[in-house]
Amino acid sequence: MTTDPGLKILFVINPISGTKTKIAWEPAIRKYFTNLQHNFDFFLLDGKDDATSLKYWIEKLQPERVIAVGGDGTVSLVAEQLLGTNIAMGILPAGSANGMAKELNIPVEVDGALEIILNGEIKPCDVIRINDKEISLHLSDLGVNAQLVKYFEQGNLRGKLGYALKVFKVLWRKKLMDVTIKTNKEEIKRRAFMVVIANASKYGTGALINPEGNLSDGLFEIVVVRRINFISVLKMFLKFKRFNPKKVELFQAESAIITTAKKTHFQVDGEYLGKIDKVKATIIKSQLKLILPRK
5 MTTDPGLKIL FVINPISGTK TKIAWEPAIR KYFTNLQHNF DFFLLDGKDD
55 ATSLKYWIEK LQPERVIAVG GDGTVSLVAE QLLGTNIAMG ILPAGSANGM
105 AKELNIPVEV DGALEIILNG EIKPCDVIRI NDKEISLHLS DLGVNAQLVK
155 YFEQGNLRGK LGYALKVFKV LWRKKLMDVT IKTNKEEIKR RAFMVVIANA
205 SKYGTGALIN PEGNLSDGLF EIVVVRRINF ISVLKMFLKF KRFNPKKVEL
255 FQAESAIITT AKKTHFQVDG EYLGKIDKVK ATIIKSQLKL ILPRK
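Residue numbering for the sequence shown follows my numbering, starting at 5 and increasing by one per position.
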């Protein structure tokens with residue numbers, strides 16, 4: 005397949021993303037484009053009002069495609085600037101957490117990922133607006149996994165052993181939440197260890213939490229995890245096994261308000277946001293154009 009010549013592409017790179025073996029993405033991108041007739045620029049995030057600066061450069065350069073080179077946090081930052089535009093967003097998985105890239109089956113190998121950027125399928129996708137502020141492309145949750153995200157951010161131990169130790173720590177301290185979920189269809193009350201607001205289907209580990217996940221169906225899912233233990237979590241997060249459906253409930257909605265009797269841990273797309281007792285979620289349909297692998 006030949007690519008259309010003359011694409012204008014902006015690569016948004018988070019230079020601190022990734023593991024110890026991270027790829028030098030800018031040289032790799034330049035090398036890939038050596039004999040290709042496309043125009044490209046780089047924008048490096050520095051943590052100083054990145055959203056405002058990125059918006060300025062997108063308006064100035066008028067790219068046809070903007071590529072998030074980083075983890076889930078970088079993806080969310082870029083997506084926020086592209087909502088409702090005709091600019092397509094691509095992903096080069098360069099972070100320590102690449103949940104959205106795994107959801108979309110984007111390879112971590114440089115040439116494979118860049119091949120998708122140039123020749124992939126562009127498809128409108130939904131996002132979830134959280135509390136009228138943040139957006140979630142992927143998975144947000146309240147309870148034990150959000151607490152795990154907090155511990156993982158604070159710790160230095162990585163890999164499966166580090167994850168297992170943090171799982172043990174979280175489950176040792178786990179507490180049931182009294183939760184009220186009011187959707188555009190119904191209102192329910194539950195006691196749960198974890199409530200997931202899911203646009204996608206699986207976590208960055210590959211663990212399947214939402215088998216109904218579809219980025220383009222105009223709906224999101226609320227997954228209520230009522231029972232949980234150490235072995236089931238390890239199977240889900242380390243062996244990519246789904247939760248036992250006898251221990252979870254799933255509801256579909258276009259909007260929802262989730263309240264808890266006491267404040268509990270909350271994360272959005274892998275970013276820990278502290279403790280909350282109320283979350284408002286609303287689907288924003290077909291507002292983001294994503295570059296996906298061709299089927």
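All C-beta atoms, glycine included, are put in the ideal place defined by N, C-alpha and C.
Partner residues in the beta bridge of Glu138, as assigned by DSSP, are Ile134. Rounded to whole angstroms, the separation of the alpha carbons of Ile20 and Lys59 is 20 Å. For Asn43, there is no enclosing alpha helix (DSSP H); the residue is part of the beta strand (DSSP E) that begins and ends at 43-48. Annotated three-state conformation of Glu84 is helix, per DSSP.
Per the Cβ contact rule, the segment 221-235 is in contact with the segment 194-212 (3 or more Cβ pairs under 8 Å). Cβ atoms of Val114 and Ile27 come within 8 Å of each other, at about 6 Å.
Put simply, the backbone Cα of Pro31 is about 29 Å away from that of Leu87. With contacts defined as CB atoms closer than 8 Å, Gly217 and Ser205 qualify as a contacting pair. Secondary structure note for Ser57: its alpha helix (DSSP H) is the uninterrupted segment 54-65. Between Gly51 and Thr78, the C-beta gap is not smaller than 8 Å, which leaves the two residues out of contact.
Note: Pro97 is bridge-paired with Gly74 in the DSSP secondary-structure output.
Approximately 5 Å separates the beta-carbon atoms of His142 and Asp273; this is inside 8 Å, confirming the contact.
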